[in-house]
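This report concerns only the one structure given below.
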Amino acid sequence: MRWSDMDAYGHVNNARFLTLYEEARVAMFFVGAKAHGLGSFEEGIVIARHEIDYVRPVDFGDPVRIEMWVSELRAASFTVSYELFDDGVLASRAKSVCVPYNLVKGHPRRLSEAERDFLKPYTEVRS
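Position one of the sequence shown corresponds to residue 235 (my numbering), numbered consecutively onward.
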């Protein structure tokens, strides 16, 4: 957690949760995918939707832990689900609908077979 993440009430600002989830997602799709020899996600992913549930406030202090998985895998989109834990206690749940995007041509595209193969091991059903 960063000091700049705090709001006037001494808790992590609600908008900063989105940044924390983004940092985890970027690490998975840019760093993790690239480590597996897959660089196509770097060519473009846009977010079609974010959904966040705040379970409890998070105070400044120790780092938080984010668990993430792919909760839905479709032909031209996938949903990343997250849970954020503070000191081992669930503080927030979220989902991001991600759409592969061709930045050069300016339109969405379908997931490639290599991208689907990368995502499949992260696919999990949770309540």
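Where a beta carbon is used, it is the ideal one built from N, C-alpha and C, also for glycine.
Item                                                                                                                                                      : Value
Where in the stretch 305-348 do unbroken runs of the beta strand (DSSP E), each at least 3 residues long, occur, reported from the N-terminal end onward? : 312-320 and 323-336
Taking Cβ to Cβ, would you say Val289 is nearer than 8 Å to Ala325?                                                                                       : yes
With distance defined between alpha-carbon atoms, name the residue in Leu353, Ala249, His341 and Ala348 nearest to Ala282.                                : His341
Val289 by DSSP, collapsed to three states: which one?                                                                                                     : coil
Do the stretch 298-307 and the stretch 350-359 touch if we need at least three Cβ pairs shorter than 8 Å?                                                 : yes
By Cβ distance below 6 Å, which residues in the same chain neighbour Ala362 in space, the five residues on each side in sequence not counted?             : Only positions 235 to 361 of the chain appear in the structure, and residue 362 is not among them; the question remains open.
As a quick exercise: from Phe319, Val314 and Asn336, pick the residue whose alpha carbon is nearest that of Ser330.                                       : Val314
Taking 8 Å as the threshold (C-beta atoms), are Leu345 and Gly278 in contact?                                                                             : no
Below 6 Å CB to CB, which residues in the same chain sit around Tyr191 once its five sequence neighbours on both sides are set aside?                     : Nothing can be reported for residue 191: it is not among the residues displayed for the chain, which extend from 235 to 361.
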